[in-house]
Amino acid sequence: MHVATLTVFPVKSTRAHPVLTTTVHAHGLGGDRRWALVDGSGAVVTARTRDRMLLIAATPTATGLRLSAPGRAELDVEFPVDGDVVPVGVSRMPRARYAGRAASEWCSTVLGEHVALVWQSDPRARTVSAEHGGRDGDHMSLADAGPLLVATTASVARLNEWIAETDRDATIPITRFRPNVVVDDDSAGALEPFEEDGWARIRIGGVSYRFAEQCDRCVLTTIDPDTLAHGKEPLRTLARHRKRAGKTWFAVRMIPERSGVISVGDRVEVLERQPVAAG
500 MHVATLTVFP VKSTRAHPVL TTTVHAHGLG GDRRWALVDG SGAVVTARTR DRMLLIAATP
560 TATGLRLSAP GRAELDVEFP VDGDVVPVGV SRMPRARYAG RAASEWCSTV LGEHVALVWQ
620 SDPRARTVSA EHGGRDGDHM SLADAGPLLV ATTASVARLN EWIAETDRDA TIPITRFRPN
680 VVVDDDSAGA LEPFEEDGWA RIRIGGVSYR FAEQCDRCVL TTIDPDTLAH GKEPLRTLAR
740 HRKRAGKTWF AVRMIPERSG VISVGDRVEV LERQPVAAG
């Protein structure tokens, strides 16, 4: 098996940013989800309820971010290392650095409501909860529940086979699930659908990763990031085939066991396997 694609999401819940290589930290991939948008109360806003966030593209730069969106001039934002510390509604991280008025006004114009851009200055300040597979010493970015999301091409292929049983014209790309790492096989049929559920530990290149949990899926997967059209797939089909404890499941969260570098094409090895939950 090998890494087919690598993706980071510099600002939580905005457009994907593909990369060919990046660093791996304990908190996740370099440049992934260290920024977020919050409303006037400090609550994090996401594309689940503000689909226009998917129009915002954020590109990491040496000094911060470059923001772009249709009809808007690009804006360079520097890391707000001396920015005001403001309260935010992020689990296990009550404060973040305010990125400044210009960035917040730019994002507010795209969304059509007042929001502020904030930055996580130190990812060690936020732990991975035990509920989501965290142990002492595990920490993470502003991602929902874990440092890294891994999916496989075999699993999305099987999902699309299931979808075709009721709608032959519907195909869901794996990008809808917003994985950081997509794993493909070196020869057809070598990778079984959903076998990632049973990966207790894997190695990608020179870095090993520990299984944290299967990932439960939300309404964001039903929104086309290019057209902002909303639909019923893939949740409708996942509910028929991958429902357990009232939730639907696709892809797995992993926790890096050390730092290093990860690149497209890196070999993926399964070091340990585990039983897979039914459903």
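Numbering (the numbering used here), first residue to last: 500 to 778.
Here a beta-carbon is modelled for each residue, glycine too, at the ideal position from N, C-alpha and C.
Can you tell me where the alpha helix (DSSP H) holding residue i begins and where it ends?
| i | result |
| --- | --- |
| L737 | L734 to H740 |
| E604 | R600 to L610 |
Taking DSSP as the reference, what is the three-state secondary structure of residue i?
| i | result |
| --- | --- |
| I662 | helix |
| V780 | Residue 780 is absent from the model: the chain starts at 500 and stops at 778. |
| E771 | strand |
| E695 | helix |
| R623 | helix |
| T670 | coil |
| D683 | strand |
| M500 | coil |
| E675 | Just to set this straight, residue 675 is Arg in the shown sequence, not Glu. DSSP places R675 in helix when its eight states are reduced to three. |
| V589 | strand |
| L505 | strand |
| T721 | helix |
| R532 | coil |
| D550 | helix |
If we count the other Cβ atoms within 10 Å of its Cβ and call it buried at 16 or more, is residue i buried or exposed?
| i | result |
| --- | --- |
| G530 | buried |
| H638 | buried |
| K511 | buried |
| D550 | buried |
| R667 | exposed |
| Q713 | buried |
| G645 | buried |
| G563 | buried |
| G527 | buried |
| R623 | exposed |
Check for me: the beta strand (DSSP E) holding residue i runs from which residue to which?
| i | result |
| --- | --- |
| G563 | G563 to A568 |
| S707 | V706 to D715 |
| M592 | M592 to Y597 |
| H613 | That residue, H613, is in no beta strand (DSSP E); it is neither H nor E in DSSP. |
| H516 | H516 to V518 |
| V763 | Careful: V763 lies outside any beta strand (DSSP E) and carries neither H nor E. |
| T726 | First-last for T726: undefined, no H or E at that position. |
| R752 | K746 to P755 |
| P448 | Outside the shown range of the chain (500 to 778) lies residue 448, about which nothing can therefore be said. |
| A689 | Careful: A689 lies outside any beta strand (DSSP E) and carries neither H nor E. |
| D575 | R571 to E577 |
Open item on the list: As an exercise, report each continuous beta strand (DSSP E) stretch of at least 3 residues that is fully enclosed by the segment 625-655, in chain order.
Closed with: 647-651
Open item on the list: Would you call the segment 632-640 in contact with the segment 513-522, where contact means no fewer than 3 C-beta pairs closer than 8 Å?
Closed with: no
Open item on the list: Could you check whether the segment 651-671 touches the segment 753-763, counting it as contact only if at least three pairs of C-beta atoms, one from each stretch, sit closer than 8 Å?
Closed with: no
Open item on the list: Check whether the segment 669-678 and the segment 710-725 touch, using three or more Cβ-Cβ pairs below 8 Å as the test.
Closed with: yes
Task: Given 8 Å, three or more beta-carbon pairs between the segment 662-671 and the segment 767-777 - done: no
TODO: Mind the definition here: the segment 550-561 touches the segment 596-603 only if three or more C-beta pairs lie below 8 Å; say whether that holds.
DONE: no
Open item on the list: Under 8 Å: do the segment 575-583 and the segment 746-758 share three or more Cβ pairs, one atom per stretch?
Closed with: no
- [ ] Taking 8 Å as the threshold, find out whether the segment 700-713 comes into contact with the segment 526-543 through three or more Cβ pairs.
- [x] no
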